[in-house]
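Take the sequence shown: its position 260, counting from 1, is numbered 268 in my numbering, and each next residue is one higher. The beta-carbon is built from N, C-alpha and C at its ideal position, and this holds for glycine as well. Have a look at the structure below before the remarks.
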Amino acid sequence: AYQQVMVFLNLGYSVDVIHYLNREFVPRKDYAIFCDVGWNMERIAPLLDKNCLKLGHLTTAHPLFSNTAELKRLMALQARRGVSLWPRRQVWQSLLAIDHADCATILGHEFTINTFRHAKKPLYPVPAASPMVYPWQEEKDFEAVRNRFVWFGGIGMVHKGLDLVLEAFASMPGYHLTVCGPVEREKDFVAAYHRELYETKNIELVGWIDVGSPKFLEIARDCVGLIHPSCSEGCSTAVVACMHAGLIPIVSYESSVEVSPECGIVLRKSSIEEIQDAVRSIASRSANTLEEMARNTWERARAEHSPERFIEEYKRAVLRAIAEHGRARRLDTASERERFLAKSA
């Protein structure tokens with residue numbers, strides 16, 4: 009968000025900022041551009057001048073898809089384990105954001121983009137960035153860590169697929185799983201998976217961890233890959249952070265991160281069996297191959313998901329939105345816009 013503001017300032021705009029939970033703000037200025045993550049677009053858009061460019065910033069899949077996907081995961085868990093857990097990722101406040109926007113920047117690949125196609129609004133993809141960039145870990149022993157994996161994610165254990173990963177590893181004693189995330193905040197999940205989390209020898213619960221901490225890099229050094237079978241994302245920043253740390257990604261298509269075969273494996277169904285097959289596939293490869301895949305992952309993360317890359321692409325998207333829609337009042341952006349259009353041509 010800070011870098012987005014800096015882009016607008018560098019283009020010659022003055023910027024007012026409100027919190028995304030602010031439900032009282034009323035625009036009293038002649039704004040040229042209104043940029044919003046979705047929670048205020050429906051409320052504020054009708055209050056703006058008709059010439060104001062309404063630019064969304066979409067960081068998740070469409071709420072109808074995302075909410076439904078989480079509920080489907082919970083229903084599948086109920087069928088497998090006979091237990092009902094609370095949904096943790098239901099968000100409705102941004103439901104109509106794209107309908108009230110003129111266009112939007114969006115995180116993620118074709119999966120996320122396709123959940124917004126119905127609105128027929130211009131969508132400008134920008135790369136998610138990690139706040140941390142790490143050096144390549146020269147001392148990593150890929151032969152020693154070939155059977156060691158990490159699950160790393162935020163709130164919504166079922167949404168992020170931890171239930172599936174725990175069940176997969178519980179029946180694979182020859183493979184080790186480290187679990188990093190705020191698991192113990194979800195008491196019902198902990199109760200349902202107490203045996204896997206606390207009584208299974210090849211599964212270790214670490215809990216929430218700071219990606220800027222030495223502990224995170226220690227875990228990345230001691231594991232070969234990341235497993236992230238989320239049901240819906242707008243380019244998972246958890247995956248991006250782990251790719252920056254050189255972890256080979258095993259991720260769902262819905263995690264919305266571009267992963268080539270030279271880097272890792274994309275799960276199409278995220279079933280327990282598919283997760284197990286992917287784990288065995290990675291672990292069975294030579295140490296040299298694993299190091300090459302990890303290096304490819306690390307290099308791709310630095311090339312595509314750096315803060316500098318985000319700034320460059322977000323600026324490009326803003327200038328495209330201004331040029332294509334012609335609704336934002338130009339300040340001193342003319343020369344900048346001309347340079348951009350000449351470069352694009």
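Short Cβ contact (8 Å threshold) for residue i with residue j
i	j	result
residue 63	residue 110	yes
residue 127	residue 49	no
residue 261	residue 248	no
residue 306	residue 252	yes
residue 10	residue 134	no
residue 163	residue 96	yes
residue 115	residue 67	yes
residue 183	residue 157	yes
residue 212	residue 186	yes
residue 2	residue 99	As displayed, the chain neither begins before 9 nor continues past 353, which places residue 2 out of reach and without an answer.
residue 243	residue 112	no
residue 148	residue 229	yes
residue 240	residue 40	no
residue 73	residue 264	no
residue 284	residue 176	yes
residue 279	residue 169	no
residue 141	residue 310	yes
residue 313	residue 138	yes
residue 196	residue 93	yes
residue 391	residue 205	For residue 391 there is no data in the structure shown, the boundaries of the chain being 9 and 353.
Unbroken beta strand (DSSP E) run spanning residue i, endpoints
i	result
residue 132	131–134
residue 213	211–213
residue 217	Unbroken run through residue 217: none, as it is neither H nor E.
Bounding residues of the alpha helix (DSSP H) (the contiguous stretch that carries residue i)
i	result
residue 175	170–178
residue 301	295–312
residue 284	280–291
residue 196	195–200
residue 117	Taken as a continuous stretch (DSSP letters only), residue 117 belongs to no alpha helix (DSSP H), as it is neither H nor E.
residue 153	150–153
residue 207	Neither: residue 207 is in no alpha helix (DSSP H) and is coded neither H nor E.
residue 327	315–333
Beta bridge counterpart(s) of residue i as assigned by DSSP
i	result
residue 159	187
residue 111	63
residue 275	260
C-alpha distance - residue i paired with residue j, whole-angstrom precision
i	j	result
residue 155	residue 77	30 Å
residue 44	residue 65	6 Å
residue 268	residue 188	24 Å
residue 340	residue 23	Its pLDDT being 48, under 50, residue 340 is placed unreliably by the model, and nothing is read from it.
residue 233	residue 21	43 Å
residue 165	residue 191	7 Å
residue 256	residue 276	17 Å
residue 364	residue 59	Residue 364 is absent from the structure shown; the chain starts at 9 and stops at 353.
residue 27	residue 152	47 Å
residue 15	residue 292	46 Å
residue 272	residue 123	24 Å
residue 84	residue 208	23 Å
residue 121	residue 238	16 Å
residue 25	residue 47	14 Å
residue 266	residue 193	30 Å
residue 290	residue 319	34 Å
residue 286	residue 173	11 Å
residue 129	residue 61	13 Å
residue 295	residue 270	14 Å
residue 254	residue 281	25 Å
residue 180	residue 171	15 Å
residue 338	residue 329	Only weak support is given to the placement of residue 338: the predicted model assigns it a pLDDT of 49, under 50, and the value that follows is read from those uncertain coordinates. Cα to Cα, residue 338 sits roughly 12 Å from residue 329.
residue 226	residue 31	42 Å
residue 348	residue 34	Note that residue 348 has pLDDT 46, beneath the 50 cutoff, so the model's placement of it is unreliable and the number below is only indicative. Rounded to the nearest angstrom, the two C-alpha atoms are 33 Å apart.
residue 200	residue 167	15 Å
residue 224	residue 91	32 Å
residue 150	residue 299	6 Å
residue 203	residue 161	20 Å
Proximity test, residue i beta-carbon vs the ligand COA heavy atom, cut-off 7 Å
i	result
residue 140	Summarising the ligand content, the structure contains no ligands, and the ligand COA is consequently not present.
is_contact[residue i, chain D] using C-beta, thresh 8 Å
i	result
residue 231	Within the model displayed, chain D is absent; a lone protein chain is all it includes.
With a floor of 3 residues, list each beta strand (DSSP E) that falls wholly inside the region 229–257, ordered by position along the chain. 233–236
Length at least 3, wholly inside the region 16–90: the beta strand (DSSP E) runs in chain order: 41–44, 61–66
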